[in-house]
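Asker:
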Amino acid sequence: MMNRAEIQKFFLLENDPQLFETALRPRSCGGDAEFEQLALYGDQVINIHLYNYLINKGWESKGDITVCKTTIHNEPVIKAFADYLGISDILTPLDSTYRPKDNDLAETVEALIGATFQANGLNKCYPIIRSFVIFAIKEQKELRKSGKFDKSQNYKGKLLDLFKDPHLNTSDAQLSDCNLEPTQKEGVNGSPIFQFEGDIIFKGKKYKISTQAWQRKDLAEQEAAYIALCAITGNNPEYTKFDPTRDMPISQEKTVYPTTSIDNEELIFSKPAPQNISMEVNQNTDELLVDYVNRKAKENVFGMLTLLSARLDTVRGASWTCEFSSCVLVLINLQLGEQNHFAIGFGKSNTKARKAAGEDMLMKVDLTEWLEKHYPNDTI
């Protein structure tokens, strides 16, 4: 566990005390949209370096890489890393009786990484992400050794896979026996808690399941699934223990010949029409423009850029799509004043490709800084 100065040094923010303070202010500590934007940056930085880490370890399949990324980059694991660093000890909630929640701590770690990115650039963030990954791997191994419930795992999905095994010829009626809906109760302080107490029936055998009380419904479901898996499989590691952090074996060298994934001699991007249709927007809300943009970016990045170009004469945007049999490629252009910016994204649908392109644009352009410079006090 580190003290305040050590945490500031760990995140390379000794020369940026104001940025460090901003990253330590979730909403419960008086933070605003600037904190949330730092957390958004940090979230993306973790993904980029985590993908690099896994690929360098020899993971090749997109599905395997995604599963590994999800197992490591999730709220319970980041919260555990926050506890390891001692983040909760240096937060100052507005209410002195308030105890920072898991999401407060996880978002603070992401905001600190986002602050490191803003102050030092992407490459300087790598040692921090590597420390986080090594910590996460150690935590995973300890949990596997102890056989304890791991909040980062998708036990519910594994249980459903077990019920849907094609060799079992499971009927729809039998799948209903896998209902994990917890009961909502009232906790000591009046806040809701969730607990599952009931039976799971598998291949005609009944298993009695009882979980502890959780403040989150999904955790009650996951613990119920974990207990059910342990009971059904006899702690079979195929279902209860998943190791996404192992090194994948690197194959021996051999002569190979590349094949062309796209045979087209040229790629044709089409501009969706029309792009200049009228739209209705809220006004006189007294919300700062920069806060409005950060809020909308979390809901729909591509849509936010479209709305911004409709609200401001100095902002213009356009997009083009190129469709393949397996995916869609989207190219977007954002003009801020006299400066042109381009970003690209791809996905299985137009919507997913636009979202990816919009997120790529926000990684390249500091939109908040530009708005604060040109429209510091403007409201919508």
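In short: position in the sequence shown from 1, add 974, done, that's the working numbering.
By construction, the Cβ of each residue, glycine as well, lies at the ideal position given by its N, Cα and C atoms.
Every value quoted in this text rests on a predicted model; they were computed, and no experiment measured them.
Among residues of its own chain, excluding the 5 on either side of I1046, which ones have a beta-carbon nearer than 6 Å to its beta-carbon?
Answerer: So the qualifying residues of the chain are A1110.
Asker: Using the Cα positions of T996 and F1137, report the straight-line distance between them to the nearest angstrom.
Answerer: Each residue's alpha carbon lies about 47 Å from the other.
Asker: Could you tell me the alpha carbon to alpha carbon distance between T1185 and L1308, rounded to whole angstroms?
Answerer: For T1185 and L1308, the distance between alpha carbons rounds to 51 Å.
Asker: Give me, in chain order, the residues of the same chain whose beta-carbon lies closer than 8 Å to that of L1193; leave out the 5 immediate sequence neighbours on both sides.
Answerer: Cβ within range, chain order: K1125 and F1168.
Asker: If you run the structure through DSSP and keep just helix, strand and coil, what is G1319?
Answerer: G1319: strand per DSSP, three-state reduction.
Asker: What is the C-beta distance between L1263 and I1354, in whole angstroms, given that I count them as a contact (C-beta under 8 Å)?
Answerer: Contact flag correct, Cβ pair sits at about 6 Å.
Asker: Does the contact criterion of 3 or more C-beta pairs under 8 Å hold for the region 1063 to 1077 versus the region 1312 to 1327?
Answerer: No, they do not touch.
Asker: On the premise that F985 lies in contact with T1090, defined as a C-beta separation below 8 Å, what is that separation, rounded to the nearest angstrom?
Answerer: Going by Cβ atoms, the distance from T1090 to F985 rounds to 5 Å, so yes, they are a contact pair.
Asker: Measuring alpha carbon to alpha carbon, tell me which of E1312, E1273, V1275 and T1295 ends up nearest V1289.
Answerer: Nearest of E1312, E1273, V1275 and T1295 to V1289, Cα basis: E1312.
Asker: If L1079 and K1112 are in contact, beta carbons under 8 Å, what's the gap, nearest whole angstrom?
Answerer: Not confirmed; about 18 Å, so no contact.
Asker: Figure out for me which residue from A1093, T1082, R1001 and H1348 has the closest Cα to the Cα of E988.
Answerer: Here the closest residue by C-alpha is A1093.
Asker: In the DSSP assignment, what are the bridge partners of Y1181?
Answerer: Paired residue(s): I1174.
Asker: Could you give the C-beta distance for T1082 and I1108, rounded to a whole number, given that I count them as a contact under 8 Å?
Answerer: Between I1108 and T1082 the Cβ distance is about 20 Å, and since that is not below 8 Å, they are no contact.
Asker: With distances taken from CA atoms, which of A1013, I981 and F1123 is nearest K1272?
Answerer: Per the Cα distances, A1013.
Asker: What first and last residue would you give for the alpha helix (DSSP H) that runs through A1198?
Answerer: Unbroken alpha helix (DSSP H) run through A1198: K1191 to T1207.
Asker: Rounded to whole angstroms, how far is the Cβ of R978 from the Cβ of Y1027, which I believe are closer than 8 Å?
Answerer: About 28 Å separates the two Cβ atoms, so there is no contact after all.
Asker: Of the residues L1279, E1346 and R1285, which one's Cα is nearest the Cα of A1331?
Answerer: Considering only alpha carbons, the answer is L1279.
Asker: Note the first and the last residue of the continuous beta strand (DSSP E) segment covering I1306.
Answerer: Run containing I1306: V1302 to L1310, per the beta strand (DSSP E) assignment.
Asker: If the criterion is Cβ atoms closer than 8 Å, does the pair R1269 and A1007 meet it?
Answerer: Yes, the Cβ-Cβ distance between R1269 and A1007 is below 8 Å.
Asker: Use the C-beta contact count for L1241: other C-beta atoms within 10 angstroms, 16 or more gives buried, fewer gives exposed.
Answerer: L1241 is exposed by the Cβ-count criterion.
Asker: Verify whether the separation of the beta carbon atoms of Y1200 and F1123 is less than 8 Å.
Answerer: Yes, they are a contact pair.
Asker: Reducing DSSP to helix, strand and coil, say where G1164 ends up.
Answerer: Three-state DSSP puts G1164 in coil, outside helix and strand.
Asker: Could you tell me the distance, in whole angstroms, from the CA atom of G1131 to the CA atom of L1286?
Answerer: Whole-angstrom Cα-Cα distance: 46 Å.
Asker: When you compare only the Cα positions, how much space is there between F1055 and W1294?
Answerer: Each residue's Cα considered, the two are about 41 Å apart.
Asker: Do you know offhand how far V1302's Cα is from K1245's?
Answerer: Cα to Cα, the separation comes out at about 13 Å.
Asker: Quick check on N1314 - is its C-beta less than 8 Å from some C-beta in chain C?
Answerer: Given the protein chain composition of this structure (a single chain), no chain C is represented.
Asker: May I have the straight-line CA-CA distance separating G1037 from H1348, to the nearest angstrom?
Answerer: Straight-line Cα distance between these residues: approximately 43 Å.
Asker: Under 8 Å between the Cβ atoms of I1020 and I1087?
Answerer: Yes; because the gap between Cβ atoms is below 8 Å, this pair is in contact.
Asker: Just to confirm, are K1182 and D1173 a CB contact at a threshold of 8 Å?
Answerer: For K1182 and D1173, yes; Cβs fall inside 8 Å.
Asker: From this set, K1075, T1342, I1022 and L1024, which residue's C-alpha is nearest Y1266's C-alpha?
Answerer: The shortest C-alpha separation from Y1266 is found at T1342.
Asker: Which value, in whole angstroms, describes the spacing of the CA atoms of L998 and G1016?
Answerer: Each residue's alpha carbon lies about 13 Å from the other.
Asker: What whole-angstrom Cβ distance do L1154 and E1195 have, given they're in contact under 8 Å?
Answerer: Right, the Cβ-Cβ distance comes to about 5 Å (below 8 Å), so this counts as a contact.
Asker: Could you tell me if S1300 is buried or exposed, where buried requires 16 or more neighbouring beta carbons within 10 angstroms of its beta carbon?
Answerer: When all chains shown are included, S1300 counts as exposed.
Asker: By how many angstroms is the C-alpha of N1351 removed from the C-alpha of E921?
Answerer: This structure cannot speak to residue 921, because the chain is shown only from 975 to 1354.
Asker: Using the Cα positions of T1325 and L1336, report the straight-line distance between them to the nearest angstrom.
Answerer: Computed Cα separation, rounded: 17 Å.
Asker: How many angstroms separate the CA atom of E1261 from the CA atom of R1073?
Answerer: Each residue's alpha carbon lies about 29 Å from the other.
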